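Engineer: Quick one: the structure is below, questions incoming.
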Amino acid sequence: MPPELALDRPLSELKGIGPKLAEKCQAIGLTLVSDLLFHLPYKYQNRTRLTPIAQLKLGMAVVIEGEIRAVQVVFGRRRSLLCRIADASGLMTMRLFHFSRAQEAMLKKGRRIRCYGEVRMGATGLEMNHPEYRVSDSQDFPPLEQSLTPLYPSTEGLNQLRLRALVDQAITALKRQGGLKEWLPPDWLSGWGLPTLTDALLTLHHPEPGSDTDALLSGLHPAQQRLAVEELLAHHLSLMQVRQKTQSLGAPALPPSRTLVSQLLRQLPFTLTGAQQRVVGEIQADMALSQPMLRLVQGDVGSGKTLVAMMAALQAIEAGYQVAMMAPTELLAEQHYRTLSVWAEPLGVTTGLLVGKTGKKQRTALLQQLAQGDLQLLMGTHALFQQGVDYHKLGLVIIDEQHRFGVHQRLALKEKAVLGLPHQLTMTATPIPRTLAMTAYADLDVSIIDELPPGRTPVVTTVISQDRRDAVVRRVDAACADGRQVYWVCTLIEESEELQAEAAEETADALHRALPQHRIGLLHGRMKPADKTRLMEAFKAAELDILVATTVIEVGVDVPNASVMIIENPERLGLAQLHQLRGRVGRGSADSYCLLMFGSPLSAQGKQRLEVMRSTSDGFIIAEEDLKLRGPGEVLGTRQTGALQFRVADLERDRNWLPVIPELAQKLVREKPSHISPLVNRWLFNADRYAQV
Ligand code: ADP
Ligand code: MG
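Counting in the working numbering, the sequence shown tops out at residue 697, every number present.
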């Protein structure tokens, strides 16, 4: 029998579990007996010793034992039963808001009582509300617990006692088979002073009474760190495997462009920045290989990613291949279409735009051209990869602002890509701190455009209270009178486009009344794409002075003459998003302003965040601060919900490990290649099942 068989059995085979309970377990990701081992407590209770009443402090969760001195039902705001308890050191009160007659009868003066509960401040001094308790006439309470009591993540209908009993059976099975296989080299573990996997699991399910509870609760206990490092490593190795697999499938080798790229550069009124040149070189080298490029270009807003993408496209087109460029919104797709068509036309490169609203006739014509290979550069939204869109010879897929795409759209793209396996270039303006990027994008090569084109003046940012709205309106008035254009951005916490649209409408109305002499437009997500485009075009053509908008203008929109931006309630947005928004101004040569008009009162953290926005315009610094203030989940956005789900590891808490993980992965590949698959399966196989529930 294989040694792990018992643990690999469905947990429905354990004692005390029927089909109903098994179903509940499944709902929280527990299917096999071994899953229970990795179902770790989120908290511990210490029921291993009695605490003298005199030592009680607010917030402690402890066991006390004493004699009932008085019992009384009081009628305050709520009726409650008070039970005064004394031990040799002092006096405290147990308070019950709900109690039965039987309970009342049990609680008799002179009896002994033992309680476990949290200490709080009540009307009588230190109290416990509804503790777990036992009453006895003698002192014969059952023995105290031997180890800290684990509390497990659970679900309705599966109580802690039952869950604990199931976990304990899994632990018995684990001990019977002599532990789990260890995939990390023992010298690594001893070097770090970390326990084996088996010891770590045993410790976490039943920590010794003397354990460092603070460490356990913060996740920094060696046993937790041991699991975290293994999980991070498994995650990294799995991304490396995905990458290897993709690359082993091969892609067309596309030689660097000899004519089109230089023709393009000749028509531009500017030259490439050093950073653009470097990144273009990296892309060029990737595409010349016969394995698919998997490259992510990170570049702050306005760093000139579109041009870099166009140069990559030309390399594919010159080699006789087609290019698909996908943007997250129709507005952006249309903007790309306009920009790139202007560049493409003199080169004789054919372009097309395919979005959801593309008419049937036009769509049919486009698809036909595409299938015949007459269309070289197709831009659009995820409509580019829907059923019925067939490419003649797809050589390169470009995804702009990839962080804005949902998981489903990216998966659909992946499926499509597997068929033809073109080169892949993704672009994002969300600066991700380096260590996080190494973890989140271990399957991609990362290029960074860390330089803005010359001549940009930084946006002067002011933080101002909404109480001073009138002053802000006067500033807008003055700016418009001066020939500048203004964005006025309305934010709402609600995701609902409808509510956002309403709020923006109200603001636009108010501005109309306050500034009747200026031309004001309103842009929101509920508008038809064609109307949005028309409006943006009018704004771009300076037919509007003020554009009131929801956050739909966040990514990529380019209007150089707009040099003032008001953001209402900026405290509701993440720093990265604010940075994106602010990037809409400061695109021309005029001095630019951004007014962050916060709703008071602002929390201390809110103040700190806006201060970050005020003091820097460096996207990477902002991202680092965002990471500190809000944690990696928010910073990574959808990437987190898609690919980065950890059971033990925490990217923020365990960030010191992140830089060494890639090295460790390489070392394992060199020294223990046979350990890689089982290690990945142990963590990722289960993670898949988690993702499905
Ligand atoms: P993003 O990186 O945010 O997508 P864009 O590609 O939209 O930025 O570029 C922003 C603006 O900068 C565009 O108007 C573009 O034409 C211009 N631009 C790009 N590269 C350069 C450069 N090297 N010098 C000057 N302007 C440039
Ligand atoms: Mg862009």
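Glycine included, each C-beta is placed from N, C-alpha and C at the ideal position.
Values in this document were obtained by computation on a predicted structure and should not be read as measured data.
1. So, for Ala26: in the same chain, excluding its five sequence neighbours on each side, which residues have a beta-carbon less than 7 Å away from its beta-carbon?
2. Does the distance from the C-beta atom of Leu335 to that of Thr537 stay below 8 Å?
3. Taking Ala653 and Ala232 to be in contact with their CB atoms under 8 Å, please state how far apart those CB atoms are, rounded to whole angstroms.
4. Tell me Glu71's beta-bridge partners as DSSP assigns them.
5. How long is the line joining the alpha carbons of Gln267 and Val283, rounded to whole angstroms?
6. Examine ligand 1 and report whether any of its heavy atoms sits within less than 7 Å of the Cβ of Thr385.
7. Could you check which residue in Gln107, Leu400, Pro157 and Ala127 has the C-alpha nearest to that of Glu136?
8. How many Å lie between Pro23 and Thr35 at the Cα?
9. How about Asp404: is its Cβ closer than 7 Å to a heavy atom in ligand 2?
10. Cutting at 6 Å between CB atoms, please list the residues of its own chain near Glu149, excluding the five before and the five after it.
11. For the stretch 327–372, which segments carrying the alpha helix (DSSP H) assignment without a break, of at least 4 residues, lie completely within its bounds, in sequence order?
12. State the DSSP-derived secondary structure class of Arg538, mapped to helix, strand or coil.
13. Checking 8 Å against the spacing of the C-beta atoms, do Pro296 and Leu425 come in under that value?
14. Any idea if Tyr341 is buried or exposed, counting beta-carbon neighbours within 10 angstroms, 16 or more meaning buried?
15. Report the three-state DSSP secondary structure of Ile402 (helix, strand or coil).
16. Taking C-alpha atoms, which residue in Gln372, Gly20 and Leu100 lies nearest to Asn163?
17. Assuming Pro56 and Asp91 are in contact, meaning their beta carbons sit under 8 Å apart, how far apart are those beta carbons, in whole angstroms?
18. Between Asp454 and ligand 1, is the CB less than 7 Å from at least one heavy atom?
19. Using DSSP bridges, identify the partner residues of Asp449.
20. So, at 7 Å on beta carbons, what are the nonlocal neighbours of Leu170 in its own chain, with the 5 sequence-adjacent residues on each side left out?
21. Look at the alpha carbon of Leu381 and the alpha carbon of Gly356, and state the distance between them as a whole number of angstroms.
22. Whole angstroms are fine: how far does the CA of Asp658 sit from the CA of Ile54?
23. Return yes when at least one heavy atom of ligand 2 lies under 7 Å from the C-beta of Thr310, else no.
24. Spatial neighbours of Thr250 within its chain, please: CB distance less than 7 Å, with the 5 preceding and 5 following residues excluded, ordered by chain position.
25. Using three-state DSSP, classify Ala387 as helix, strand or coil.
26. Nearer than 7 Å: is that true of the beta carbon of Val305 relative to any heavy atom of ligand 1?
27. Once you ignore the five residues that flank Ser158 on each side, which residues in its own chain have a CB closer than 8 Å to its CB?
28. Would you say Ser215 and Leu155 are within 8 Å of each other, going by their C-beta atoms?
29. Relative to the C-alpha of Ile321, which residue among Gln76, Met431, Ala348 and Leu599 is closest?
30. Look at Phe101 and Arg124 and say whether their C-beta atoms are less than 8 Å apart.
31. Pick helix, strand or coil for Thr275, following the three-state DSSP scheme.
32. Could you check what DSSP says for His679 in three-state terms: helix, strand or coil?
33. Could you give the first and the last residue of the continuous alpha helix (DSSP H) run that contains Pro154?
34. Where does Arg180 land, buried or exposed, given buried means 16+ other C-beta within 10 angstroms?
35. Considering Cα atoms alone, identify which of Ala507, Ile89, Gly377 and Lys47 is closest to Ile4.
Structural biologist: Inspection of the coordinates gives the following:
1. Leu15 and Ser16
2. Taking the C-beta atoms as reference points, Thr537 is found nearer than 8 Å to Leu335.
3. 4 Å
4. Ala90 and Arg116
5. 19 Å
6. Look at Thr385: its beta carbon is at least 7 Å from all of the heavy atoms in ligand 1.
7. Gln107
8. 12 Å
9. yes
10. Within the same chain, Glu149 has close Cβ partners Arg51 and Thr52.
11. 334–348
12. helix
13. Contact: yes.
14. buried
15. strand
16. Gly20
17. 6 Å
18. no
19. Arg299
20. Leu15, Leu18, Ile21 and Leu40
21. 6 Å
22. According to the sequence provided, residue 54 is Leu. The question's Ile does not apply to it. Computed Cα separation, rounded: 34 Å.
23. yes
24. Pro296 and Leu298
25. helix
26. Yes - ligand 1 has a heavy atom lying nearer than 7 Å to the Cβ of Val305.
27. Ile32, Gln164 and Leu167
28. Not in contact: Ser215 and Leu155 (Cβ atoms no closer than 8 Å).
29. Ala348
30. no
31. coil
32. helix
33. From DSSP, Pro154 is part of no alpha helix (DSSP H) but of the beta strand (DSSP E) over Thr153 to Leu155.
34. exposed
35. Outside the displayed range of the chain (5 to 697) lies residue 4, so it cannot be described from this structure.
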